[in-house]
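So the structure is just underneath, and the comments pick up after that.
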Ligand code: FAD
Ligand code: NAD
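Residue numbers (my numbering): 9 to 473.
Printed below as a string of structure tokens:
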């Protein structure tokens with residue numbers, strides 16, 4: 009009889025966990041994955057990346073029709089919002105994709121252990137009252153919404169909601185206040201603004217999108233304002249009270265000062281996410297958390313407890329699905345004795361608004377701190393495809409080491425920046441210089457030519473400006 013029930017037991021079936029489980033099974037390891045949700049796919053497929061993109065895509069078309077962008081192309085339409093159908097297509101995308109993971113589990117012979125898992129010891133996990141042993145356990149429990157003290161979220165009532173509630177609002181709120189001008193606030197704020205809501209974003213810091221390049225953050229603020237969002241920067245929410253279907257928020261300058269009130273039909277709390285570790289029984293295996301509540305691992309994703317590994321949102325690093333997926337592949341390969349590596353210096357990030365905002369590598373500020381740099385910039389206004397498509401907003405910025413010319417970071421604001429940034433990530437992964445990008449033939453007319461031109465601008469020689 010085998011010493012353990014499984015070679016690998018993964019806790020959590022989000023992009024980190026399900027990918028780890030599938031790769032482990034592909035390698036030939038006997039694998040199970042515990043998931044407490046009704047469906048596989050984690051935050052990303054159920055209430056995150058996928059449903060938010062379904063609403064962003066649909067609302068983008070609505071706005072293009074309602075806001076005159078289509079009329080500019082010679083297409084006259086007067087759109088009518090059918091929110092139920094819009095929600096229906098969102099639910100359908102989620103159903104198909106989560107069902108797809110179930111199919112992949114069956115295909116790869118990964119056992120889905122249905123229920124909430126917790127450790128008994130480092131090699132024994134209980135799921136729905138039953139114990140399973142495994143030589144290796146991978147913690148991939150993801151993250152949940154960070155609550156705002158004193159503010160009660162009630163997604164069912166639909167007045168004060170988190171991202172899950174904001175995806176499902178049954179009607180377009182007349183006034184929506186978004187607390188937190190990060191990725192979720194701007195994406196979901198954009199959805200409801202496009203569908204007709206007056207949106208106010210309250211952000212604690214003096215700019216939106218912390219972590220992104222300074223110039224990109226500033227330009228993003230200008231664009232969202234131009235689109236009609238009201239931005240209250242350097243402002244904190246000190247309280248939210250709800251009466252019936254209306255909320256009243258009390259705001260104060262972040263540095264302290266006179267307070268003001270705002271009323272809203274809906275309030276989205278999007279001030280970040282925190283790792284899921286509660287109820288896992290980490291005390292039973294002697295695993296402690298860092299001050300941010302995360303599980304620390306080595307580069308191989310092993311924790312300090314033998315046989316226990318961790319990946320995804322529950323460990324340090326950006327909370328992104330593709331980062332979790334890559335860590336899922338790497339951890340499975342490391343468990344199998346192969347070499348699984350994730351280059352955390354090259355993880356692209358994308359905000360799926362219109363225009364999209366994307367970056368990979370160092371910001372200009374961080375690069376300057378490390379040494380001398382050269383920067384090349386190219387405006388989308390001068391890119392023939394963007395101009396033809398009536399998408400003039402944004403720019404591309406390439407940051408390179410002044411001496412070696414090696415690319416340290418690339419930032420884009422453009423309608424398809426999320427697609428464009430893949431090229432920059434690949435170039436950086438291969439240690440490209442700005443000259444390498446500048447001398448790579450790019451198809452014409454494409455938005456990606458702006459990356460080539462920004463790379464040419466590093467040496468002061470762009471052609472089209
Ligand atoms: P998760 O996806 O959170 O999965 C963890 C799973 O573990 C969950 O299903 C949970 O039920 C399960 N679980 C937890 N504890 C237990 C337990 N004890 N037993 C059994 N099961 C357990 N990222 C992007 O890259 N692109 C995007 O466009 C994007 N959009 C987003 C939009 C929104 C609204 C949100 C909220 C997030 C978005 N993200 C996006 C972030 C992305 O969803 C996460 O980074 C990603 O899902 C993390 O993957 P994970 O596998 O670490 O964890
Ligand atoms: P975030 O960290 O992106 O933004 C939170 C914002 O809230 C920050 O700007 C922060 O300064 C602000 N804030 C914090 N406390 C505040 C307060 N009391 N009052 C006002 N503002 C306050 O977090 P998020 O938008 O909630 O997203 C959570 C995670 O999900 C992110 O880490 C992100 O990586 C991930 N996500 C990614 C995508 C994507 O890749 N497109 C989309 C959605 C979510």
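The beta carbon of each residue, even a glycine, is placed where N, CA and C say it ideally should be.
In whole angstroms, what is the alpha-carbon distance linking residue i and residue j?
i, j, result
"residue 297", "residue 472", "52 Å"
"residue 441", "residue 330", "25 Å"
"residue 290", "residue 127", "7 Å"
"residue 9", "residue 139", "For residue 9, the predicted model reports a pLDDT of 46, less than 50, meaning its position is unreliable; a value from the coordinates is still stated below. Approximately 17 Å, taken between the alpha carbons."
"residue 276", "residue 341", "40 Å"
"residue 1", "residue 233", "Lying before the first or after the last residue shown, residue 1 is absent from the chain, which here runs from 9 to 473."
"residue 391", "residue 455", "7 Å"
"residue 417", "residue 170", "32 Å"
"residue 358", "residue 64", "13 Å"
"residue 15", "residue 50", "22 Å"
"residue 48", "residue 145", "18 Å"
"residue 134", "residue 316", "15 Å"
"residue 335", "residue 360", "23 Å"
"residue 271", "residue 309", "46 Å"
"residue 305", "residue 149", "15 Å"
"residue 28", "residue 307", "16 Å"
"residue 214", "residue 268", "18 Å"
"residue 412", "residue 333", "32 Å"
"residue 228", "residue 216", "8 Å"
"residue 66", "residue 378", "42 Å"
"residue 249", "residue 465", "52 Å"
"residue 119", "residue 39", "7 Å"
"residue 83", "residue 405", "34 Å"
"residue 189", "residue 112", "36 Å"
"residue 158", "residue 284", "21 Å"
"residue 363", "residue 107", "31 Å"
Relative to the C-alpha of residue i, which residue among the options is closest?
i, options, result
"residue 34", "200, 391, 447 and 337", "337"
"residue 101", "59, 75 and 125", "59"
"residue 324", "261, 93, 151 and 119", "151"
"residue 399", "46, 80 and 63", "80"
"residue 137", "40, 125 and 466", "125"
"residue 226", "66, 403 and 347", "403"
"residue 286", "303, 158 and 439", "303"
"residue 199", "71, 335 and 312", "71"
"residue 201", "306, 283 and 174", "174"
"residue 42", "22, 52 and 97", "22"
"residue 321", "99, 147 and 30", "147"
"residue 95", "68, 106, 176 and 163", "176"
"residue 431", "260, 355 and 121", "355"
"residue 153", "280, 242, 371 and 24", "280"
"residue 300", "292, 282, 288 and 312", "282"
"residue 98", "108, 194, 112 and 55", "55"
"residue 129", "288, 364 and 407", "288"
"residue 184", "231, 237, 222 and 218", "237"
"residue 221", "258, 420, 363 and 105", "420"
"residue 258", "209, 246 and 265", "246"
"residue 370", "415, 141 and 327", "415"
Applying the 10 Å Cβ sphere with the 16-neighbour rule, what's the burial state of residue i?
i, result
"residue 211", "buried"
"residue 367", "buried"
"residue 90", "exposed"
"residue 314", "exposed"
"residue 85", "exposed"
"residue 273", "buried"
"residue 463", "buried"
"residue 253", "exposed"
"residue 352", "exposed"
"residue 346", "exposed"
"residue 387", "buried"
"residue 447", "exposed"
"residue 164", "exposed"
"residue 401", "buried"
"residue 92", "exposed"
"residue 434", "exposed"
"residue 155", "exposed"
"residue 438", "exposed"
"residue 474", "There is simply no residue 474 to check, as the chain begins at 9 and stops at 473 in what is shown."
"residue 396", "exposed"
- Length at least 4, wholly inside the segment 285-325: the alpha helix (DSSP H) runs in chain order: 290-293
- Message: Going residue by residue through the segment 371-453, where are the continuous alpha helix (DSSP H) segments of at least 4 residues, counting only ones entirely within it?
- Response: 372-378, 392-396, 425-437 and 442-446
- Segments of 4+ residues assigned as alpha helix (DSSP H) that fall wholly inside the segment 197-240: 222-234
- beta strand (DSSP E) segments (min. 3 residues) lying fully within the segment 111-181: 119-122, 125-129, 132-135, 138-147 and 151-153
- Query: What runs of the alpha helix (DSSP H), each 4 residues or longer, lie entirely inside the segment 28-110?
  - Reply: 50-55, 57-74 and 77-80
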